[in-house]
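To keep things clear, I will list the structure first and then write my remarks on it.
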Amino acid sequence: DQQVKQNSPSLSVQEGRISILNCDYTNSMFDYFLWYKKYPAEGPTFLISISSIKDKNEDGRFTVFLNKSAKHLSLHIVPSQPGDSAVYFCAASAYGGSQGNLIFGKGTKLSVKP
Amino acid sequence: KAGVTQTPRYLIKTRGQQVTLSCSPISGHRSVSWYQQTPGQGLQFLFEYFSETQRNKGNFPGRFSGRQFSNSRSEMNVSTLELGDSALYLCASSDSSNYGYTFGSGTRLTVV
Numbered sequence: 008d009q010q011v012k013q014n015s016p017s018l019s020v021q022e023g024r025i026s027i028l029n030c031d032y033t034n035s036m037f038d039y040f041l042w043y044k045k046y047p048a049e050g051p052t053f054l055i056s057i058s059s060i061k062d063k064n065e066d067g068r069f070t071v072f073l074n075k076s077a078k079h080l081s082l083h084i085v086p087s088q089p090g091d092s093a094v095y096f097c098a099a100s101a102y103g104g105s106q107g108n109l110i111f112g113k114g115t116k117l118s119v120k121p
Numbered sequence: 052k053a054g055v056t057q058t059p060r061y062l063i064k065t066r067g068q069q070v071t072l073s074c075s076p077i078s079g080h081r082s083v084s085w086y087q088q089t090p091g092q093g094l095q096f097l098f099e100y101f102s103e104t105q106r107n108k109g110n111f112p113g114r115f116s117g118r119q120f121s122n123s124r125s126e127m128n129v130s131t132l133e134l135g136d137s138a139l140y141l142c143a144s145s146d147s148s149n150y151g152y153t154f155g156s157g158t159r160l161t162v163v
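If you read the sequences in order, they're chains Z and U.
With the numbering used here, the residue at position 38 of the first sequence is 45, and numbering never jumps.
With the numbering used here, the residue at position 22 of the second sequence is 73, and numbering never jumps.
Quick look at the structure:
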């Protein structure tokens, strides 16, 4: 049973527009969430995280929103750039992020077209 | 600061053999986690070591094992390899103050 779901395998966006990547989770014990970006033949790169005590966290062009009641989080990238084209993974932890047993979604491939 | 280093980058093994993969975390990081990435299952957590002790374990058979040394370097071992073990094996490290786990580039294991 998948505890973290990314229901869109792919997303295509025009350069300069907003990219919105979505993630749903089922385990109410999750209290820390992370987004990673992955290029082929490389390991995932940490982008941004959010604790369950917050509903929004921003870092430059990246903003993560958390809706605990809906068990849903989203990553907004504004403005999108061609270099953002990659696979994005949502991950969750039940230990406040302090222990390294992250549960990952299967990823969404983002294509940003010039 | 050097990143997480995984060796080897590529490996081809025969069914039934065993394999050992190595991970050197970022200096000062005491937590090392291992993940398996396959096209069908995505990234799945194998186990985590902290200060030489296994702190968490995922849902993998006992053929998958690991250890961590006093310098925080970690190894994972897979015995009696099966074709389905072909995957990218990723290692991530973290210190207690940084929850953005840093991943290595992975070891691509092919079992033939």
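Glycine is no exception: its CB is placed at the ideal position from the N, C-alpha and C atoms.
Rounded to the nearest angstrom, what separates residue i and residue j at their Cα positions?
i: U/Val55; j: Z/Val20; result: 32 Å
i: U/Arg169; j: Z/Ser118; result: Nothing in the structure corresponds to residue 169 of chain U, since chain U is present only between 52 and 163.
i: Z/Gly103; j: Z/Ser58; result: 7 Å
i: Z/His83; j: Z/Thr70; result: 5 Å
i: U/Ser82; j: U/Phe96; result: 14 Å
i: Z/Thr115; j: Z/Cys97; result: 9 Å
i: Z/Pro2; j: Z/Asp62; result: A question about residue 2 of chain Z goes unanswered here, because the residues of chain Z that appear run from 8 up to 121.
i: U/Arg159; j: U/Thr104; result: 26 Å
i: U/Leu141; j: U/Gln57; result: 8 Å
i: U/Pro76; j: Z/Thr52; result: 15 Å
i: U/Ala53; j: Z/Ile25; result: 34 Å
i: Z/Ala101; j: Z/Ile27; result: 24 Å
i: Z/Phe72; j: Z/Asn29; result: 10 Å
i: U/Ser73; j: U/Ser84; result: 12 Å
i: Z/Arg68; j: Z/Ile55; result: 11 Å
i: U/Gly151; j: U/Ser145; result: 7 Å
i: U/Gly93; j: Z/Pro16; result: 12 Å
i: Z/Lys78; j: U/Phe115; result: 32 Å
i: Z/Leu80; j: Z/Trp42; result: 10 Å
i: U/Gly91; j: U/Asn122; result: 34 Å
i: U/Glu126; j: U/Phe111; result: 16 Å
i: U/Tyr61; j: Z/Tyr95; result: 24 Å
i: Z/Ser35; j: Z/Asn108; result: 16 Å
Find out if the Cβ-Cβ distance for the pair residue i, residue j is shorter than 8 Å.
i: U/Val163; j: U/Val70; result: no
i: U/Ala138; j: U/Phe154; result: no
i: U/Leu132; j: U/Gly67; result: yes
i: U/Ser156; j: Z/Gly50; result: yes
i: U/Gly109; j: U/Phe98; result: yes
i: Z/Gln13; j: Z/Lys75; result: no
Is any non-hydrogen atom of the ligand COA found closer than 7 Å to the C-beta of residue i, if you look at the structure I gave you?
i: Z/Ile25; result: This structure does not include the ligand COA; it has no bound ligands of any sort.
Going by beta carbon distance, what residues of the same chain come within less than 8 Å of residue i, once the five residues before and after it are set aside?
i: Z/Asp8; result: Thr33
i: U/Thr65; result: Leu132, Val162 and Val163
Given residue i, which residues of its chain have a CB within under 7 Å of its CB, disregarding the five upstream and five downstream residues?
i: Z/Tyr46; result: Ala93
i: Z/Gly23; result: Pro86 and Ser87
i: U/Asn107; result: Phe98 and Glu99
i: U/Phe164; result: There is no way to answer for residue 164 of chain U, as the model of chain U reaches only from 52 to 163.
i: U/Gln119; result: Val83, Tyr100, Glu103 and Ser125
i: U/Pro59; result: Thr158
i: U/Gly79; result: Asp146
Bridge partners for residue i per DSSP, in chain order?
i: U/Glu99; result: U/Ser84 and U/Asn107
i: U/Arg118; result: U/Glu126
i: Z/Thr66; result: According to the sequence displayed, residue 66 of chain Z carries Asp and not Thr. Answer is Z/Phe69.
i: Z/Val11; result: Z/Tyr32
i: U/Gly93; result: U/Thr89
i: U/Arg159; result: U/Tyr61 and U/Leu139
i: Z/Ala98; result: Z/Leu41 and Z/Phe111
i: Z/Val20; result: Z/Val119
i: Z/Ile84; result: Z/Ser26 and Z/Phe69
Excluding five sequence neighbours on each side, which residues of the same chain lie with their C-beta closer than 6 Å to the C-beta of residue i?
i: Z/Ala99; result: Val11, Tyr32, Phe37, Phe40 and Ile110
i: Z/Lys120; result: Gln21
i: U/Thr161; result: Ile63 and Ser137
i: U/Thr89; result: Ala138
i: Z/Lys44; result: Thr52, Leu54, Ala93 and Tyr95
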